[in-house]
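Participant: Going by the UniProt record's numbering, the letters in the sequence shown line up with residues 1 to 287, in that order. Ideal placement from N, C-alpha and C gives every residue a C-beta, glycine not left out. Next up is a structure, given as structure tokens.
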Amino acid sequence: MDKRFKVLLICVPLLLAALIGNLYKNKDSYWSALPEEGMISGDYYRVEKISDTGKSASLEAVVRDSQLIKVEYNEVGGRDSSRRYNQGLSKRFSEYNFNMMEHGDEGVSWAEVILDIEKQMIEKQSLTGEFDMIAGCTHSIELSMLPLAEKLERKMEDSSSLRYYELTKNLGGGLYGNLRIIVEGERIISCRYDELFAPKKNDIIYKDLKRFYRQSKYNSMEYGDPSGIGFNMQMDELNKRVVSTQNMLDIQGLPATTDNPERGKKRNVAWDNYIVLAKILSKEMGR
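Following this line, the structure appears as structure tokens:
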């Protein structure tokens with residue numbers, strides 16, 4: 001057989017495999033970490049581990065009427081992350097997933113893999129057992145998520161003193177409001193509000209915001225709030241205020257709640273969105 005023909009027989013399949021692999025890697029597969037619209041409430045359980053370098057992994061579960069209704073896993077990069085960009089970065093609602101799709105070997109996002117495991121846990125009504133895994137992120141799953149799941153399942157054998165309330169509302173224009181409240185006894189111990197961008201670019205009406213699809217204002221490293229004050233700082237201050245006063249509707253004096261003519265900035269409309277959701281949850285909580 002002609003040597004040149006032999007070379008072609010070897011090279012063509014390899015070239016085709018490389019092309020197919022590259023197409024798969026660069027595909028924009030559909031996934032969404034956006035919580036379902038509507039309200040959920042139930043008993044709340046959470047476990048977390050933090051490394052010496054500050055990397056953290058957490059797993060949360062919500063149970064209602066003995067049914068597992070929510071499972072959420074997240075990681076925050078530590079100081080030993082190879083890329084400075086990922087240090088302190090929350091993975092679930094940030095640019096991390098797009099960086100992984102671009103630079104990872106499997107061409108899938110971190111969230112895509114984690115969401116699939118969470119879905120299986122809900123379907124099986126169990127945090128432990130055998131789960132089908134999408135190729136990619138097995139390190140996170142095997143070393144962090146599944147060990148935490150075993151720990152959390154043992155914890156769930158006892159009743160919880162914590163109650164969880166969550167409301168997700170479509171705000172229009174490709175933006176969603178998400179409010180999460182955790183109550184211990186009669187006291188609010190956590191009040192977290194965030195705004196998340198739609199899973200699809202075309203659903204976001206403002207061109208300059210389309211690039212933030214699948215991300216949240218709080219967790220995005222690139223999003224700049226029009227008020228001139230970091231969205232994450234604003235919502236951290238909200239949490240402190242509510243935990244201190246136990247009043248979900250008192251936002252007076254918090255950052256970006258009023259116009260700032262000197263800096264040419266206006267009140268953050270996110271506060272108006274928050275109040276809408278807070279009133280709904282307050283009623284649900286009987287406050």
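#1: Determine the DSSP secondary structure at A57, reduced to helix, strand or coil.
#2: Leaving out five residues on either side along the sequence, give the residues of the same chain with a beta carbon under 7 angstroms from the beta carbon of I40.
#3: Enumerated in chain order, which unbroken segments of the alpha helix (DSSP H) with a length of 4 residues or greater are wholly contained in the stretch 85 to 145?
#4: Tell me where the beta strand (DSSP E) around V47 begins and ends.
#5: Take S227 and list the residues in its own chain whose beta-carbon comes closer than 6 angstroms to its own, dropping the five residues that flank it on each side.
#6: Please report the Cβ distance between S94 and N219, rounded to the nearest whole angstrom; I am assuming they are in contact, meaning their Cβ atoms lie under 8 angstroms.
#7: Nearest-angstrom Cα distance between L281 and R180?
#8: Pull up the CB-CB distance for Y45 and M121, whole angstroms please, since I reckon it's below 8 angstroms.
#9: Could you round the C-beta distance between K217 and D194 to whole angstroms and report it? I think they count as a contact, below 8 angstroms.
#10: Grouping DSSP H, G and I as helix and E and B as strand, with all else coil, what is G21?
#11: Please report the distance separating the alpha-carbon of S90 from that of F231.
#12: For Y96, count the other beta carbons within 10 Å of its own beta carbon; 16 or more makes it buried, fewer makes it exposed. Which is it?
#13: Would you mind stating whether W31 and A111 have Cβ atoms separated by less than 8 angstroms?
#14: Please classify Y274 as buried or exposed, where buried requires at least 16 other C-beta atoms within 10 Å of its C-beta.
#15: For R187, report the span of its beta strand (DSSP E) as first-last.
#16: For residue 289 versus L162, is the C-beta spacing smaller than 8 angstroms?
#17: From S140 to L254, what does the alpha carbon distance come to, in whole angstroms?
#18: Can F131 and I114 be called in contact, C-beta distance under 8 angstroms?
#19: Output needed for V276: all residues of its chain with C-beta closer than 8 angstroms, excluding positions within five of it in sequence on either side, in chain order.
Facilitator: This is what the structure gives:
#1: Residue numbering aside, residue 57 sits at position 57 when the sequence shown is read from its first letter. It is a strand residue.
#2: For the purposes of this step, residue 40 is taken as residue 40 along the sequence shown, with counting starting at 1. V62, I69, K70, E166.
#3: 96 to 103, 110 to 124
#4: To locate residue 47, count along the sequence shown from 1; it is residue 47. It spans 38 to 50 - the beta strand (DSSP E) in which V47 sits, taken as one unbroken run.
#5: The residue labelled residue 227 in the question sits at position 227 within the sequence shown. Excluding positions up to five away in sequence, the list reads A256, K265, N268.
#6: Taking the first residue of the sequence shown as position 1, residue 94 is located at position 94. Taking the first residue of the sequence shown as position 1, residue 219 is located at position 219. S94 to N219, Cβ: 4 angstroms. Contact.
#7: Translated into the one-based positions of the sequence shown, residue 281 becomes position 281. Translated into the one-based positions of the sequence shown, residue 180 becomes position 180. If I take the Cα positions, the gap works out to 9 angstroms.
#8: Along the sequence shown, read from residue 1 onward, the residue named residue 45 stands at position 45. Along the sequence shown, read from residue 1 onward, the residue named residue 121 stands at position 121. Not confirmed; about 13 angstroms, so no contact.
#9: Counted from its first residue, the sequence shown places residue 217 at position 217. Counted from its first residue, the sequence shown places residue 194 at position 194. Indeed they touch by this definition, with Cβ atoms about 6 angstroms apart.
#10: Taking the first residue of the sequence shown as 1, we reach residue 21 at position 21. Confidence is the limiting factor: at G21 the pLDDT is only 39, short of 50, which leaves the residue's position unreliable and the question unanswerable from this model.
#11: Locating residue 90 in the sequence shown gives position 90, where the first residue counts as 1. Locating residue 231 in the sequence shown gives position 231, where the first residue counts as 1. Taking the straight line joining both Cα atoms gives about 15 angstroms.
#12: Counting from one through the sequence shown, the residue named residue 96 turns up at place 96. The residue is buried, with at least 16 neighbouring Cβ atoms inside 10 Å.
#13: The residue given as residue 31 occupies position 31 in the sequence shown. The residue given as residue 111 occupies position 111 in the sequence shown. Yes; because the gap between Cβ atoms is below 8 angstroms, this pair is in contact.
#14: For the purposes of this step, residue 274 is taken as the residue at position 274 of the sequence shown. So Y274 ends up on the buried side.
#15: Locating residue 187 in the sequence shown gives position 187, where the first residue counts as 1. Where R187 is concerned, the enclosing beta strand (DSSP E) stretches over 187 to 197.
#16: This structure leaves residue 289 out entirely; the chain is present only between 1 and 287.
#17: Along the sequence shown, one-based indexing puts residue 140 at 140. Along the sequence shown, one-based indexing puts residue 254 at 254. Rounded to the nearest angstrom, the two C-alpha atoms are 37 angstroms apart.
#18: Working through the sequence shown from its first residue, we reach residue 131 at position 131. Working through the sequence shown from its first residue, we reach residue 114 at position 114. No, the Cβ-Cβ distance between F131 and I114 is not below 8 angstroms.
#19: To locate residue 276, count along the sequence shown from 1; it is residue 276. Hits under 8 angstroms: K169, G177.
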